[in-house]
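Student: Chains as they are written, first to last, in this note's numbering: chain A, 207 to 511; chain B, 2 to 301. Built from N, CA and C at the ideal position, the CB exists for glycine as well. The structure under discussion is supplied below as structure tokens; questions concerning it will follow.
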């Protein structure tokens with residue numbers, strides 16, 4: 207591994223770049239991650255934001271960013287990033303801006319946009335070897351409109367469109383694997399509750415060129431149903447239970463950056479959120495709980511630490 | 002509030018009225034102001050859309066009064082009644098707001114200091130409204146709650162009922178204080194005061210922001226119901242925990258110590274839950290304001 211400037215928690219940035227006053231829900235796990243990501247990426251960043259919760263970051267005339275932000279439709283953030291990257295490259299070639307004024311092009315999109323309608327634009331951007339960083343804040347549903355299910359919703363979770371006693375019947379799409387199969391420069395999973403792991407991965411992504419992908423599991427008090435103060439606790443549990451593996455894809459290889467030696471039972475994670483409450487009340491649904499546990503166990507059985 | 006409007010609407014309906022109820026909201030997120038409207042009449046209602054001249058305005062959270070976007074004072078005239086859920090007295094609000102409308106206060110119960118109690122504010126507001134209107138019996142009110150909340154667990158429905166009835170009783174002295182307005186005919190329709198926007202070049206008319214960090218002008222601290230307070234004598238100075246994981250970026254590091262920006266802290270309390278030496282405690286905003294007043298009193 208390359209020498210990192212983030213050896214321990216103490217090395218994390220003490221100054222924060224994203225402005226306060228953004229109207230996200232209290233305890234937003236997505237905002238928690240984006241704050242830390244922006245601190246590492248730095249001010250010379252232009253964000254291309256697909257419609258979603260984070261659209262609310264910048265509501266005219268207010269912006270929390272220090273630089274530019276462009277708002278696109280849900281399916282077309284990578285296309286927007288292509289336009290911005292091309293414009294910057296042309297300006298550089300014509301010497302209208304100095305290399306010092308160059309910007310990192312960053313897509314910001316939710317899981318609905320990323321794993322649904324934005325997937326084809328992303329795939330095409332990788333074909334073109336677009337030099338950009340894609341950040342997906344994954345709150346496992348269409349949170350901005352009342353938590354309807356998305357293709358990133360986990361199996362059995364209750365959403366406003368999966369209200370039956372078994373919750374969402376589908377399975378969470380493996381975005382990491384889909385992205386990695388395109389063989390881009392870099393893919394990583396992060397979570398705001400593990401800021402050191404996150405900072406190292408963003409540092410790595412920033413040091414590379416080409417298409418780079420970050421997916422951040424984003425505990426969502428509003429959509430998942432928990433008290434906002436639990437955001438970090440639930441985030442850590444997602445890692446400890448093995449539900450959210452922290453890993454990266456680089457040079458054609460996948461490696462896990464945090465291996466929970468003894469995994470906490472998934473039940474501990476499920477119990478913290480109202481969206482899984484139907485698995486325990488009024489009657490415990492052992493079949494579904496076991497199914498979720500065995501999927502996690504099967505995943506880790508294939509991982510050599 | 003959407004549910005509150007549905008309960009009030011159903012209660013009216015149970016009493017044989019014609020009813021309209023509708024919520025209006027933007028993004029579905031906690032802390033966003035939300036409005037809901039209820040119209041009732043003993044004959045068919047021809048009027049549609051938002052209510053521009055309300056007879057009764059209920060403010061479930063008194064911090065909204067100072068938020069311009071919430072516009073709680075809009076359309077209030079001398080016939081209107083403004084009911085505010087607040088710790089502050091009606092006289093103080095009447096003075097502060099300098100309004101012709103009659104101001105009443107629905108006192109906040111001490112139990113509301115607990116965040117888990119907050120959802121029951123809606124039921125209390127409906128209970129109070131039912132009594133102020135004087136057209137809805139307690140029976141019709143309870144039936145409406147049972148109908149609209151039938152998807153909830155029995156204990157939750159019960160608490161909603163209790164909160165609604167408590168507020169219903171509390172407003173006895175003001176029963177019937179709302180006068181029904183004459184029906185509006187389409188002929189009386191007054192066009193709202195539109196702001197005419199001329200068609201302009203995209204470079205002028207597009208919503209482009211040319212400055213950075215303007216969001217700091219939005220005082221999200223107003224959302225807070227609970228306030229985290231750092232007890233510095235217990236602080237370990239492990240700022241990388243609270244400062245890095247604060248979702249709202251409001252904990253800065255000064256001289257190796259974390260400092261909370263209360264203008265923007267929304268009170269999620271992630272820091273309270275995470276602090277290893279438990280040096281951050283949560284106190285209610287009302288308590289914080291009270292102790293600030295007391296401190297100011299001591300120094301003068």
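Using a Cβ-Cβ cutoff of less than 8 Å, which residues in the same chain neighbour residue 447(A) once the five nearest sequence positions on both sides are dropped?
Tutor: 466, 469, 470, 471, 472, 474, 475 and 502
Student: Rounded to whole angstroms, what's the CA-CA distance from residue 386(A) to residue 334(A)? Just pull it up for me.
Tutor: 15 Å
Student: Which residues in the same chain as residue 358(A) place their Cβ atom closer than 8 Å to its Cβ, once the five residues preceding and following it in sequence are excluded?
Tutor: These residues qualify, in order along the chain: 317, 318, 320, 321, 344, 346, 347, 378, 379 and 381.
Student: Please list the terminal residues of the continuous alpha helix (DSSP H) segment that includes residue 385(A).
Tutor: Unbroken alpha helix (DSSP H) run through residue 385(A): 381 to 387.
Student: Against chain B, with Cβ distances strictly below 7 Å, would residue 496(A) count as a contact?
Tutor: no
Student: Scan the stretch 113 to 132 of chain B for residues whose Cβ lies nearer than 9 Å to a Cβ of chain A and list them as they occur along the chain.
Tutor: 116 and 117
Student: Using only the alpha-carbon positions, how far apart do residue 47(B) and residue 41(B) sit?
Tutor: 11 Å
Student: Please state whether the Cβ-Cβ distance between residue 149(B) and residue 11(B) is less than 7 Å.
Tutor: A distance below 7 Å separates the beta carbons of residue 149(B) and residue 11(B).
Student: The alpha helix (DSSP H) with residue 316(A) in it runs from where to where?
Tutor: Careful: residue 316(A) lies outside any alpha helix (DSSP H), inside the beta strand (DSSP E) at 310 to 316.
Student: 7 Å is my cut-off, CB to CB: does residue 74(B) come that close to chain A?
Tutor: no
Student: With DSSP as the reference, label residue 287(B) as helix, strand or coil.
Tutor: In the three-state reduction of the DSSP assignment, residue 287(B) falls in the helix class, which pools H, G and I.
Student: For residue 127(B) versus residue 9(B), is the C-beta spacing smaller than 7 Å?
Tutor: yes
Student: Hey, how far is the Cα of residue 230(A) from the Cα of residue 219(B)?
Tutor: 12 Å
Student: May I ask you to report which of helix, strand or coil DSSP gives residue 207(A)?
Tutor: Low local confidence applies: a pLDDT of 48 at residue 207(A) is under 50, so the model's placement there is unreliable, and no value is given.
Student: Could one say the Cβ of residue 64(B) lies closer than 7 Å to chain A's Cβ atoms, at least one of them?
Tutor: no
Student: Can we say the stretch 284 to 298 of chain B touches the stretch 223 to 236 of chain B, given the rule of at least three CB pairs closer than 8 Å?
Tutor: yes
Student: Output the distance between the C-alpha atoms of residue 430(A) and residue 58(B), rounded to the nearest integer angstrom.
Tutor: One C-alpha to the other measures close to 32 Å.
Student: For residue 372(A) and residue 258(A), what's the separation of their Cα atoms in angstroms?
Tutor: 27 Å
Student: Using only the alpha-carbon positions, how far apart do residue 37(B) and residue 2(B) sit?
Tutor: 6 Å
Student: Compute the Euclidean distance between the alpha carbons of residue 478(A) and residue 96(B), then round it to the nearest angstrom.
Tutor: 45 Å
Student: At a CB-CB cut-off below 8 Å, which residues of chain B make contact with residue 264(A)?
Tutor: 210 and 216
Student: Check whether the stretch 13 to 27 of chain B touches the stretch 137 to 148 of chain B, taking contact to mean three or more Cβ pairs, one atom from each stretch, closer than 8 Å.
Tutor: These segments touch.
Student: Please report whether the beta-carbon of residue 232(A) lies at a distance below 7 Å from any beta-carbon of chain B.
Tutor: yes
Student: Please check the pair residue 273(A) and residue 309(A), which I expect to be a contact at CB under 8 Å, by giving their CB distance rounded to whole angstroms.
Tutor: 7 Å
Student: Can you tell me whether DSSP reads residue 46(B) as helix, strand or coil?
Tutor: coil
Student: So which of 94(B), 273(B), 201(B) and 130(B) has the shortest CA-CA distance to residue 236(B)?
Tutor: 273(B)
Student: Who are the Cβ neighbours of residue 303(A) in its own chain at under 8 Å, not counting the five residues just before and after it?
Tutor: 294 and 297
Student: Taking only beta-carbon positions, decide if residue 241(B) is within less than 7 Å of chain A.
Tutor: yes
Student: Relative to the C-alpha of residue 117(B), which residue among 435(A), 459(A), 506(A) and 383(A) is closest?
Tutor: 435(A)
Student: In terms of alpha-carbon separation, which member of 71(B), 206(B) and 268(B) lies closest to residue 25(B)?
Tutor: Of all alpha-carbon atoms in 71(B), 206(B) and 268(B), the one lying nearest the alpha-carbon of residue 25(B) is that of 71(B).
Student: Along the beta strand (DSSP E) that carries residue 23(B), what are the first and last residues, could you check?
Tutor: 19 to 25
Student: Check whether the Cβ of residue 207(A) lies closer than 7 Å to any Cβ atom in chain B.
Tutor: Residue placement at residue 207(A) cannot be trusted, given a pLDDT of 48 that sits under 50; what the coordinates show is reported in the next sentence. Closer than 7 Å: no.
Student: From this set, 245(A), 493(A) and 506(A), which residue's C-alpha is nearest residue 462(A)'s C-alpha?
Tutor: 506(A)
Student: Any C-beta of chain A sitting closer than 7 Å to the C-beta of residue 279(B)?
Tutor: Residue 279(B) does not count as touching chain A.
Student: When you compare each of 401(A), 409(A) and 412(A) to residue 424(A) by their alpha carbons, which one comes out closest?
Tutor: Comparing Cα-Cα distances from residue 424(A) to each of 401(A), 409(A) and 412(A), the minimum goes to 401(A).
Student: Using 8 Å as the Cβ pair cut-off and three pairs as the minimum, do the stretch 79 to 95 of chain B and the stretch 47 to 56 of chain B touch?
Tutor: yes
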